[in-house]
């Protein structure tokens, strides 16, 4: 008999009922250190006082009115994001998946309105992840995402990660855009080097196509900049944002230049819940904290401490780990042991991590973790690795 919750997840055997900062407590009283942050969502940890206050205040005022009317908190958040980024305009949605849908529509509609109606193709990269909608799985193209869900939305091509010659050759008169994650998350914490991002920007300018950045996982302070592309000194035309921007409340956004968004007039896109007062009140509180230069500097300090600790783990457990990858607090442990075994051993050590492709374990902690909590996280990962190595040798 099928369960009452559609069985699309392989859930770990824990039920969390309470959280504070980087800590979660189960219904049987165990405390876990959360180094996954809801897959890079809880950017400020659990139950952050400023976010709780923002949500409480808004909940006592107006929950929802729809986008048929002005929403003051939505306007406030849009203004904050425009002031802090490359963007001239913002559309709010509920998730990264929805952000992908609009990014694809925006790029295609732009060229349609330019009279280039054949320019609909979008180039993506192997190992990418852009959500699980029809556009998202077609863009990523991986069999594990697309199997059984055909026919796929046409107009997408996937190129090998880092193959510059293949990229140049793939651009034709029907190419509308390139979509790329500055750091692949699901794909195994694979950063695109700064010089390659610069090259992508130059190539798009040369060919007259749009650059779409997917910063759903790597954005909102995770790398020590507000958005990861800032390290390369470039700007996209369209950017997908979600996860951390809501601090745990469902919120996504598409940020765009006036040029790229010029075809998106009334009726071309919409959302019932997107940008509702509750979500945007929390989003405003998140941006006020995370966009602060001092906060971002502290993210970089925490990232340095975490990476040093992880490098020590690799050296101490060469049979379990093979290296560290990533940037800021978007880090990956390359594993020799199966990464799912590492994650499971972490459960026994009461520390939460997230598996990814290429046998990588993702480390995506809250951005405001203390150095004491970082040290505790390293100690618990060490405990997990020790247990795993002992089991392997037994």
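Numbering (the numbering used here), first residue to last: 455 to 848. The beta-carbon is built from N, C-alpha and C at its ideal position, and this holds for glycine as well.
Q) So is residue 718 buried or exposed if we call it buried at 16+ other beta carbons inside 10 Å? A) Taking the chain shown and counting its residues from 1, the one referred to as residue 718 is at position 264. The residue is buried, with at least 16 neighbouring Cβ atoms inside 10 Å.
Q. Expressed to the nearest angstrom, what Euclidean distance is found between the alpha-carbon atoms of residue 848 and residue 695?
A. Position 394 of the chain shown, counted from the first residue, corresponds to residue 848. Position 241 of the chain shown, counted from the first residue, corresponds to residue 695. Confidence at residue 848 is low in this model, with a pLDDT of 36, below 50, so the placement of that residue should be treated as unreliable; the coordinate-derived value is given next. Distance between the alpha carbons of residue 848 and residue 695 is about 46 Å.
Q) With DSSP run on the structure shown, which of helix, strand or coil describes residue 748? A) For this step, residue 748 is matched to residue 294 along the chain shown. In this structure, residue 748 counts as helix in the three-state DSSP scheme.
Q: Name the two residues that bound the continuous beta strand (DSSP E) containing residue 519.
A: Here residue 519 refers to the residue found at position 65 of the chain shown. Here residue 519 belongs to no beta strand (DSSP E), and DSSP marks it neither H nor E.
Q) Closer than 7 Å: is that where the CB of residue 745 sits relative to any heavy atom of the ligand SAM? A) Among the components modelled here there is no ligand, and therefore nothing to report on the ligand SAM.
**Q.** For residue 776, three-class secondary structure by DSSP
**A.** Working through the chain shown from its first residue, we reach residue 776 at position 322. Looking at residue 776 - three-state DSSP - the assignment turns out to be strand.
Q. Given 8 Å as the limit, is there contact between the stretch 732 to 748 and the stretch 708 to 715, that is, 3 or more CB pairs closer than that?
A. no
Q: Give the range of the alpha helix (DSSP H) segment to which residue 445 is assigned.
A: For residue 445 there is no data in the structure shown, the boundaries of the chain being 455 and 848.
**Q.** Proximity winner among 632, 643 and 638, relative to residue 656 (alpha-carbon distances)
**A.** Taking the chain shown and counting its residues from 1, the one referred to as residue 656 is at position 202. The option with the nearest alpha carbon to residue 656 is 632.
Q. Just how far apart, CA to CA, sit residue 758 and residue 783?
A. Residue 758 sits at position 304 when you count from the first residue of the chain shown. Residue 783 sits at position 329 when you count from the first residue of the chain shown. Near 9 Å, if we compare the C-alpha coordinates of residue 783 and residue 758.
Q. Which runs of the alpha helix (DSSP H) fall wholly inside the stretch 524 to 574 and span at least 4 residues, in chain order?
A. 526 to 538 and 550 to 567
Q. For residue 489 versus residue 804, is the C-beta distance shorter than 8 Å?
A. Locating residue 489 in the chain shown gives position 35, where the first residue counts as 1. Locating residue 804 in the chain shown gives position 350, where the first residue counts as 1. Cβ distance not < 8 Å, so residue 489 and residue 804 don't count as in contact.
Q: Return the CA-CA distance between residue 532 and residue 741, expressed in angstroms with no decimal places.
A: Taking the chain shown and counting its residues from 1, the one referred to as residue 532 is at position 78. Taking the chain shown and counting its residues from 1, the one referred to as residue 741 is at position 287. When rounded, the distance between both Cα atoms is 11 Å.
Q. When DSSP labels each residue in this structure, what does residue 640 get in the three-state scheme?
A. As a first step, residue 640 must be located in the chain shown, where it is residue number 186. If DSSP states are grouped into helix, strand and coil, residue 640 belongs with coil.
Q: Classify residue 765 as buried or exposed, calling it buried when 16 or more other Cβ atoms lie within 10 Å of its own Cβ.
A: Translated into positions along the chain shown, residue 765 becomes position 311. Exposed, since its Cβ has fewer than 16 Cβ neighbours within 10 Å.
Q) Are there 16 or more other CB atoms within 10 angstroms of the CB of residue 520, so buried, or fewer, so exposed? A) In the chain shown, the residue the question calls residue 520 occupies position 66. That one is exposed.
Q.
Does the contact criterion of 3 or more C-beta pairs under 8 Å hold for the stretch 636 to 646 versus the stretch 813 to 832?
A. yes
Q) Between which two residues does the beta strand (DSSP E) carrying residue 660 extend? A) Translated into positions along the chain shown, residue 660 becomes position 206. Per DSSP, residue 660 belongs to no beta strand (DSSP E); it is in the alpha helix (DSSP H), 648 to 661.
Q.
Pull the bridge partners of residue 500 from the DSSP assignment, please.
A. The count along the chain shown starts at 1 and reaches residue 500 at position 46. For residue 500, which the question treats as bridged, DSSP gives the partners 475.
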